[in-house]
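Novice: As numbered in our numbering, the sequence shown has no gaps in its residue numbers, which increase by one up to the final residue, 569.
Heads up, the beta-carbon is just placed ideally off N, CA and C, and yes, glycines get one too.
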Amino acid sequence: MLGRSAFSRTGTFRPENLGQNAMAMIGNVCFSFFVIGVLVFTIMAANYEPEDPLFHPSTKITTFLTSKSNATFKSDNSVVRTGEDFMAAPETVFGSIINSTDVDNLVSADTADGGDAASVSQCDVSGPIDCKDPEVFHLMMRATIDKFQDIHFYRFGKPVAGSNDSTCDMAWRFRPKEGKAAAFYKDYRRFVIDRSENCTLSIVSIGEYHTGVNARKRKKHLKGGLEKTPSNLELASALPVVGEFVNDSLPVVESESSFSHGKYLIYEGGGDRCKSMNHYLWSFLCALGEAQYLNRTLIMDLSICLSSIYTSSGLDEEGKDFRFYFDFEHLREAASVLDKKQFWEDWNKWQNKDGMSLNLVEDFRVTPMKLRDVKDTLIMRKFGSVEPDNYWYRVCEGETESVVQRPWHLLWKSRRLMDIVSAIASKMNWDYDSVHVVRGEKARNKELWPNLDAHTSPDALLSTLGDKIEEGRNLYIATNEPDKSFFDPLKDKYTTHFLDEYKELWDETSEWYSETTKLNNGVGVEFDGYMRVSLDTEVFLRGKKQLETFNDLTSDCKDGINTCNVAAN
């Protein structure tokens, strides 16, 4: 007995039980691996945010737009590219350019009709300038074409009286000569006009951008003037016009009958709120795409939450209006959408009376194709609290991605913000080069960006820019470097400009502030971080020459060491 192993006293390891025990041990080990696998998968899923090629350099955007997949997403804090960025518009779409010869031909035509003779015979040296006089119109057009050499003109509106007897206001539609964006711009300025003793007219001065407020007309009331009709009028009419009057009032249901006969789609809940702007749009456009596929009106919440990455407080901020950031007028005219608050008011008034029904969908895996034949008045997709399955964009993944396309063409940037971009570019006469200088935390992180700090130093910038940008040029610097005096050495060779030089365009005395305050029920709107980065980026993109940090200034990779090849794929 003493010579036996203690294990022999139990029946567990008897020979006849070895097979059974081995199977039990193998089962336990396999179960342990299964539990570990589930834990790893859960952790990965909680942090899952797949890649979105839309928010990468233009080569990647092109690759994305020509690919068949549109469901992929990756969180990115950069400025969102919207529909107008992808519009292909050849120069022929914009129409013929108005030049001095066209003005001369107009003068000849008016002279043949006796216009100038009538003007001379009625000349009163001491009287007010007649802004309706064709001679005044011709003079103002010539002066404008001569002064602004870096833009193309497509329409001149007829002058109207200015602020006194010697001023006239005139508006025109234009594009920068080297403009890449598929858009028109509108400016209207005040002209001071002098009449000599022999009745000769001359332009004394032309005011700054948007000073000719009396010439600012709503686009549906444009009459007269000089314009060359584009060859493709329909396509040209579909282009954004920056500087026009913005009417982004909420759509109103015409009647109880039209409301009760409508078909609607609404997304409720989910984990998309207070995420980055591109996450929000990736999900919003999935919902809009499904609504269009189902031929339903999308019920949208115009009150959005701005992520803490864009706020001065460092906290997520609720109550931001969609219209602060995007062109709701274009969306409202091009798609069928209703404001969520107004919809529920109408629904509560008429649902029971008119027998309107609701179809509740609580699983994102229920595809739009399965909802195609639903007859209910309202389809409500309700999302839970577990991320990432409660992200709206999950609806557009899988088999749906080849059926439901995100309608990027319906989403444009706020024309109020783009008007500020136009104003900044106009203050530099649309004749400037630009450089994007990333510094901040990346420049301090030597492990991931070992050369960035040195490559973006003033001396290094002067060396790099000297080979690419002519001395004496206007140079717009888009940067996250808070200390702008850091760039003072560049002033010896260039006329440098920064976003904050133009803050009067969004301060409390500005048109932007006045209009956004009205949208916000009389409460002033903060010019937040996303707006700033958006403006900085858009002004940069309108430079004649554009130098990027990670393409032109440094050998470091945008996403850190050893990621350049990955980013290019």
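Between L239 and Y393, what straight-line distance do the alpha-carbon atoms span, to the nearest angstrom?
Specialist: Spanning the two alpha carbons is a distance of roughly 28 Å.
Novice: For S313, which beta-bridge partners are listed by DSSP?
Specialist: Partner(s): none; S313 has no beta bridge.
Novice: Around the C-beta of L378, are 16 or more other C-beta atoms found within 10 angstroms, so that it is buried, or is it exposed?
Specialist: So L378 ends up on the buried side.
Novice: Taking the runs of the alpha helix (DSSP H) that are 4 residues or longer, which of them lie wholly in the region 277-341?
Specialist: Counting only runs of 4 or more, we get 277-293, 322-325 and 328-334.
Novice: Express the C-alpha separation of Q546 and D556 in angstroms, rounding to a whole number.
Specialist: Each residue's Cα considered, the two are about 18 Å apart.
Novice: Pick out whichever of Y280, E227 and E290 has its Cα sitting closest to the Cα of K263.
Specialist: Ranking the options by Cα distance to K263, first place goes to E290.
Novice: Residues in the same chain with beta-carbon distance under 7 Å from G543, minus the five sequence neighbours each way, listed in chain order, please.
Specialist: If we look at G543 and ignore the five residues flanking it on each side, its Cβ neighbours are Y432, D433, S434 and Y476.
Novice: What's the call for A109, buried or exposed, on a 16-neighbour Cβ count within 10 Å?
Specialist: Exposed: under 16 other Cβ atoms inside 10 Å.
Novice: Would the region 406-415 count as touching the region 275-292 if we require 3 or more Cβ pairs under 8 Å?
Specialist: Touching, yes.
Novice: Buried or exposed: T101, going by 16 or more other Cβ atoms within 10 Å of its Cβ?
Specialist: It counts as exposed.
Novice: Is the CB-CB distance between V103 and M141 below 7 Å?
Specialist: In contact: V103 and M141 (Cβ atoms closer than 7 Å).
Novice: With DSSP as the reference, label K413 as helix, strand or coil.
Specialist: K413 falls in the strand class under three-state DSSP.
Novice: What is the DSSP secondary structure of G440, reduced to helix, strand or coil?
Specialist: Here G440 sits in helix by DSSP.
Novice: Taking C-beta to C-beta, are S202 and V192 nearer than 7 Å?
Specialist: No, the pair does not count as a contact, with Cβ atoms beyond the cut-off.
Novice: When the Cα atoms are used, what is the spatial distance from Y310 to E441?
Specialist: Rounded to whole angstroms, Y310 to E441 spans 16 Å at the Cα level.
Novice: Closest by CA to L285, which one among A335, F184, E362 and I420?
Specialist: With distances taken between Cα atoms, L285 lies closest to A335.
Novice: Exposed or buried, which one is S276 when buried takes at least 16 other CB atoms within 10 Å?
Specialist: Buried is the call here.
Novice: Decide if the region 512-523 is in contact with the region 488-499; the criterion is three or more beta carbon pairs, one per stretch, under 8 Å apart.
Specialist: No, the region 512-523 is not in contact with the region 488-499.
Novice: Which residue's Cα is closest to the Cα of T554: R416, N451 and I97?
Specialist: Answer by Cα proximity: N451.
Novice: Can you give the Cα-Cα distance for L490 and I561, rounded to whole angstroms?
Specialist: Between L490 and I561, the C-alpha separation is close to 28 Å.
Novice: Do F245 and V253 come within 7 Å of each other at the CB atom, strictly closer than that value?
Specialist: Result no, Cβ atoms of V253 and F245 do not sit closer than 7 Å.
Novice: What is the residue span of the alpha helix (DSSP H) that M170 lies within?
Specialist: Run containing M170: none in the alpha helix (DSSP H); it sits in the beta strand (DSSP E), T167 to P176.
Novice: From what residue to what residue does the beta strand (DSSP E) around I266 run?
Specialist: From DSSP, the beta strand (DSSP E) with I266 extends over Y264 to G269.
Novice: Pull up the CB-CB distance for V523 and Y513, whole angstroms please, since I reckon it's below 8 Å.
Specialist: 11 Å between Cβ atoms; not a contact.
Novice: Taking one C-beta from the region 528-541 and one from the region 413-428 each time, how about it: are there three or more such pairs within less than 8 Å?
Specialist: Counting Cβ pairs under 8 Å, three or more are found: they touch.
Novice: Tell me the rounded alpha-carbon separation between M170 and D146.
Specialist: Roughly 15 Å separates the two Cα atoms.
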